[in-house]
Amino acid sequence: MVAILGYSKEQIREAVQEMYTSVARAPESPFHFPVGAGACLKLGYPGDQIKELPEDTLASFAGVGWPFRGQALRPGHTTLDLGAGAGNDTLIASRIVGANGHVIALDLTAAMTQKLQRLIASNRGNISVIQASAESLPIASETVDSITSNGAINLVPSKRLAIGEMFRVLRPGGRLQLADVVIRRPVSVDCESDPRLWVECVVGATVEEDLLDMLGDAGFIDIRVLKRQDYFALSPSPQTREIAGSFGAHSVEISARRGPRSPGKLQTLLRRSNPIRWIRHLHRHGFSGVASLGLALISCYGVLAITGLLALAGVRMTLSPDLWTLAIAITTLLAGGMIAAGFLQHRNPSPLLLAAAGVAAVQYALFIEYHVLSEILGFALLGAGAVLDVIRRRKSEARTLGL
Ligand SMILES: C[S@@+](CC[C@H](N)C(=O)[O-])C[C@H]1O[C@@H](n2cnc3c(N)ncnc32)[C@H](O)[C@@H]1O
């Protein structure tokens with residue numbers, strides 16, 4: 003469950019269904035992620051919660067955490083198990099909500115829903131099974147009291163759509179408990195040639211803060227991260243463990259409550275245009291060098307252009323040369339530092355060396371002997387370093403992913 007660019011949503015859904023058909027039909031096959039009763043116990047399920055689950059259902063468990071830590075379900079609830087798989091959590095939920103409650107088990111993969119249908123055929127009880135996508139729930143608005151989901155959102159191409167759908171079907175005040183895979187650093191390379199990466203590992207997962215932001219954007223409140231686990235340490239594949247480690251992939255258990263109404267357009271716009279979010283986003287995608295160089299260029303030539311234009315318009319603005327020089331020096335050093343930091347990821351010294359030469363040339367022009375050519379040369383070297391850093395970061399990601 004690692005992030006994929008360059009795929010059509012349909013290709014992703016097909017790849018997901020193919021993988022989880024195998025988990026449903028041949029759970030004993032080797033998978034790159036932990037499966038079965040052993041994984042269930044290691045991820046925190048109490049033994050007495052799973053001891054009465056059918057062996058065949060447990061064998062196809064492919065969850066990533068213990069969402070029930072969120073305690074969202076109550077007796078009498080109508081509960082949705084989103085991405086229910088073979089139905090381990092559905093059966094646990096069915097016991098919690100009791101005879102007066104109802105569990106809707108929804109999954110994209112036919113083999114999973116069929117497996118659960120067969121299991122409950124003789125005694126349907128309080129469970130109904132639906133094959134559908136989380137991005138378009140065939141469930142009426144505000145009819146569900148609680149949602150549980152384990153390991154599904156990271157596999158959904160449009161997470162914002164799925165989260166919006168969860169909000170829509172929940173009643174105001176309804177509760178969500180979620181276990182999912184998240185990453186610390188997004189995957190930026192195109193993984194066009196290899197849909198397997200989406201279904202097996204880190205490529206579908208979102209950065210943890212982005213997932214929490216998406217829940218908040220949709221109108222969820224009281225969003226809490228209850229636990230983080232090194233889920234991929236349980237993977238039998240050394241390659242998956244390496245990829246997961248390199249992107250900081252782990253699982254989280256989250257609880258949240260549906261707010262009274264979905265946020266208005268203005269509120270959404272303000273939340274989504276928060277500059278802190280954008281800075282974080284640029285940094286995570288490896289663009290902090292390019293962005294801080296942009297800032298240095300603005301503080302140098304942008305300020306020059308603005309004061310020039312204002313003078314043409316008859317507005318006189320006095321600019322302290324010392325302050326201006328200091329601003330250019332600081333932003334240039336920042337750009338150099340950000341470009342150099344890429345070395346920690348790709349271990350290639352060229353961007354760092356270009357950035358160091360660029361910073362030196364600009365500082366020379368600022369503090370020792372000004373010449374426009376050394377200033378321009380400095381910025382050009384920084385620009386080359388920033389571009390090379392982005393290219394090297396992408397190459398190192400592609401290598402880690404085995405592309
Ligand atoms: C990692 S498995 C976990 C299954 C189950 N929750 C468990 O704990 O065993 C994820 C499940 O989500 C389902 N899934 C993936 N994408 C989905 C989507 N877009 N809509 C609904 N279910 C989806 C898969 O078919 C799979 O059964």
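The opening position of the sequence shown corresponds to residue 3 in our numbering, with each subsequent residue numbered one higher. Glycine residues also receive a C-beta, built at the ideal position from the N, C-alpha and C atoms. Bear in mind that the values here come from a model prediction, so they are computed numbers and not experimental data.
The stretch 221-228 in contact with the stretch 55-66 per 3-pair CB rule at 8 Å: no
Considering only their Cβ atoms, is the gap separating residue 185 from residue 250 smaller than 8 Å? yes
Given the structure, does residue 110 come close to ligand 1, in the sense that its CB is under 7 Å from one of the ligand's heavy atoms? yes
Using the DSSP secondary-structure output, state which residues sit across from residue 130 in a beta bridge. 106
Please return the same chain residues whose Cβ sits closer than 7 Å to the Cβ of residue 12, not counting the five positions on each side in sequence. none
When DSSP labels each residue in this structure, what does residue 379 get in the three-state scheme? helix
What's the gap between the Cα of residue 2 and the Cα of residue 210? Because the chain in this structure spans residues 3 to 405, residue 2 falls outside the shown range and cannot be described.
May I ask whether a heavy atom of ligand 1 can be found less than 7 Å away from the beta carbon of residue 75? no
With a threshold of 7 Å, establish whether the CB of residue 137 neighbours any heavy atom of ligand 1. yes
May I have the straight-line CA-CA distance separating residue 375 from residue 297, to the nearest angstrom? 20 Å
Do residue 82 and residue 165 come within 8 Å of each other at the CB atom, strictly closer than that value? no
Please name the residue in 398, 187, 219 whose C-alpha comes closest to that of residue 275. 219
If residue 205 sits next to residue 230, beta carbons under 8 Å apart, how far is it from one beta carbon to the other, in whole angstroms? In fact, because the Cβ distance is near 20 Å, the residues do not count as touching under 8 Å.
Residues sharing a beta bridge with residue 231, DSSP: 253
For residue 225, three-class secondary structure by DSSP: strand
In three-state DSSP terms, what is residue 173? strand
Through-space distance from residue 173 to residue 103, alpha-carbon basis: 15 Å
Does the separation of the CB atoms of residue 236 and residue 44 fall below 8 Å? yes
Of the residues 316, 317, 329, which one's Cα is nearest the Cα of residue 304? 329
Contact set for residue 273: own chain, Cβ-Cβ below 6 Å, skip 5 residues either direction: 219
Contact test: residue 61 Cβ vs ligand 1 heavy atom, cutoff 7 Å: no
May I ask you to check if the CB of residue 372 is nearer than 7 Å to at least one heavy atom of ligand 1? no
Short check: CB of residue 380 to CB of residue 364, under 8 Å? yes
Through-space distance from residue 248 to residue 285, alpha-carbon basis: 16 Å
Are the Cβ atoms of residue 341 and residue 384 separated by less than 8 Å? yes
Tell me whether residue 47, by its Cβ, gets closer than 7 Å to a heavy atom of ligand 1. no
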